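First residue of the sequence shown: 195, per this note's numbering; consecutive thereafter.
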Amino acid sequence: MKKLPIGVLVSGSGSNLQSLIDHIEEGSLEARIRVVISNNPSAFALERCAKHGIPAVVICHEDYPDRECFDRRMAEVLHAHEVELVVMAGFMRILSTWFLREFPLRIANIHPALLPAFPGLHVQRQAVRHGVKFSGCTVHFADEGVDTGPIIIQAVVPVLDDDTEDTLAARILKEEHRIYPQAIQLFAEGRLRVEGRRVTVEGNRATGAAALHNPPLTGF
Ligand code: GRF
Numbered sequence: 195m196k197k198l199p200i201g202v203l204v205s206g207s208g209s210n211l212q213s214l215i216d217h218i219e220e221g222s223l224e225a226r227i228r229v230v231i232s233n234n235p236s237a238f239a240l241e242r243c244a245k246h247g248i249p250a251v252v253i254c255h256e257d258y259p260d261r262e263c264f265d266r267r268m269a270e271v272l273h274a275h276e277v278e279l280v281v282m283a284g285f286m287r288i289l290s291t292w293f294l295r296e297f298p299l300r301i302a303n304i305h306p307a308l309l310p311a312f313p314g315l316h317v318q319r320q321a322v323r324h325g326v327k328f329s330g331c332t333v334h335f336a337d338e339g340v341d342t343g344p345i346i347i348q349a350v351v352p353v354l355d356d357d358t359e360d361t362l363a364a365r366i367l368k369e370e371h372r373i374y375p376q377a378i379q380l381f382a383e384g385r386l387r388v389e390g391r392r393v394t395v396e397g398n399r400a401t402g403a404a405a406l407h408n409p410p411l412t413g414f
């Protein structure tokens, strides 16, 4: 199978980028990272690229007069690398309508909550404060809202009584590293069907259900 050419957008640590690199290297993700774009010149993700010989480009949003100009530059780089799927991995910028229309249903994002609950920022803190008993993560296609696009895969984690924002974030991140490569592999295999808001997976593996990790309830 041809490897899916992807471009990864990052702003920070890049642990999701690392998980994609690891899954590609071990053969469970049939993709090739053609380019990584960071809007932050000191993102640790750039060191990960250097270590694995992945082309990386820094595009500082401050250097552009508005969001669309910045996005047009990103699109130029992504097209030059013949990217077929744009993968947002901890990319802390909102995309312009122009960019979203340039890559329709070709932009994936990962969010550390069970959407549509807790869109936006600091969502692990919000989940702990709200007192929800489960949270998790969501891989979805980007659309013109914030964290509103069609959902591809979700995974669930428990929220424990003594959780802090950090302990919950760590539990969720582990699941992010598992389901993001899985979602991209499904895209690479051409198995995702989108009808309105609903994304279904072609073939007989019940991937959506398999991605759910409801923990066994003990002590009842
Ligand atoms: C992840 O929790 C991701 O869901 C969110 O930002 C965090 C990025 O982590 N969008 P990393 O840069 O991949 O380590």
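Where is the CB? At the ideal position from N, CA and C, for every residue including glycine. Here the structure is a predicted model, which is why all the values come from computation and not from measurement.
- Straight-line spacing of the CA atoms in Val280 and Thr342 works out to 17 Å.
- Between the segment 328-337 and the segment 302-315 there are three or more inter-stretch CB-CB distances shorter than 8 Å, so the stretches are counted as touching.
- Counting only the Cα atoms, Arg266 lies some 28 Å from Glu370.
- Looking from the CA of Asp260, the closest CA among Ile378, Val277, Phe293 and His246 belongs to Phe293.
- Ranked by how close their Cα comes to the Cα of Ala349, the residues Asp360, Phe328 and Asp337 have Phe328 in first place.
- CA-to-CA, the gap between Glu296 and Glu278 works out to about 11 Å.
- The Cβ atoms of Arg228 and His273 do not sit closer than 7 Å to each other.
- Apart from sequence neighbours up to five positions away, the residues of its chain that approach Phe264 with a beta-carbon distance below 6 Å are His255 and Tyr258, ordered along the chain.
- Under the three-state reduction of DSSP, Ile288 is assigned to coil, being neither helix nor strand.
- DSSP places Asn303 within a strand segment (E or B) once states are collapsed to three.
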